[in-house]
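Asks: Provided herewith is a single structure, encoded as structure tokens, for subsequent inquiry.
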Amino acid sequence: MKLLVLHTPKGGSGKSTVAREIAVAASLAGRNVAMADLDPQGTTAGWYRRRQAEAPALVRWSPGAPLEALEGAGLDWLVVDTPPATPPFLPALLAQADAVLVPVRPTPDDLLAAAPIARSLARCPSWAFVLSQVPPRSRLTDGAARQLASLGRVAPAQLTFRADFPAAAITGQAAVEFTGKAAEEARALAAYAATLLGEDLNGSAS
24 MKLLVLHTPK
34 GGSGKSTVAR
44 EIAVAASLAG
54 RNVAMADLDP
64 QGTTAGWYRR
74 RQAEAPALVR
84 WSPGAPLEAL
94 EGAGLDWLVV
104 DTPPATPPFL
114 PALLAQADAV
124 LVPVRPTPDD
134 LLAAAPIARS
144 LARCPSWAFV
154 LSQVPPRSRL
164 TDGAARQLAS
174 LGRVAPAQLT
184 FRADFPAAAI
194 TGQAAVEFTG
204 KAAEEARALA
214 AYAATLLGED
224 LNGSAS
């Protein structure tokens, strides 16, 4: 089982959106996926309560706890949504992770927070920034991508600020379950997340 963690101490960066889009996309691609919501605000858990589809599952799991029980359930991926700030359990969680994605909005405040995040992930073997909530046709995007690239790897896929993302969340869905550009972006991001985990989302699960 592969452990994918969504992490950034910056609030409002889109962690929950990225987490559920990737989890649903991977489920649609044939992976057995579960999510764990470690944020006390419970955004992902609340989304799951509105969801009618059974996959991906939502499980209770604590950082540092053994993963054997979840592996026994036949899971391929566990996607973990984390809270803002830097909770005490974070070092243990990052040490367990197979890959870490760091959502970043192309704003001065988010970019300012990117450098210390990169330093904190220096020992993580597989991680990348993900541009999220990107304004359409904005000059900020290219500059933000260049600034992030000077600090670490940047995912080639991004999530643009599109109505399908919040619209899908209202009914516990993900935009990847719709048709359109938002779905295409979510599939591309999930495929990239798979490469960080050493997999091909279009191939067989490892």
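So the number in this note's numbering is just where the residue sits in the sequence shown, counting from 1, plus 23. Quick reminder that beta carbons are idealized off the backbone N, C-alpha and C, glycines included.
Should residue 192 and residue 47 be called a contact, given that it needs their Cβ atoms to be closer than 7 Å?
Replies: Not in contact: residue 192 and residue 47 (Cβ atoms no closer than 7 Å).
Asks: Name the two residues that bound the continuous beta strand (DSSP E) containing residue 197.
Replies: Careful: residue 197 lies outside any beta strand (DSSP E) and carries neither H nor E.
Asks: DSSP three-state label for residue 101, please.
Replies: Residue 101 falls in the strand class under three-state DSSP.
Asks: Mind checking who residue 60 pairs with in its DSSP beta bridge?
Replies: DSSP, once it has assigned bridges, lists 104 as partnering residue 60.
Asks: Any idea what DSSP makes of residue 220, helix, strand or coil?
Replies: If DSSP states are grouped into helix, strand and coil, residue 220 belongs with coil.
Asks: How many angstroms separate the CA atom of residue 74 from the CA atom of residue 68?
Replies: Going by the C-alpha atoms only, they are around 10 Å apart.
Asks: Determine the DSSP secondary structure at residue 182, reduced to helix, strand or coil.
Replies: Correct three-state label for residue 182: coil.
Asks: Between the beta-carbon of residue 216 and the beta-carbon of residue 45, is there less than 7 Å?
Replies: Yes. Within cutoff.
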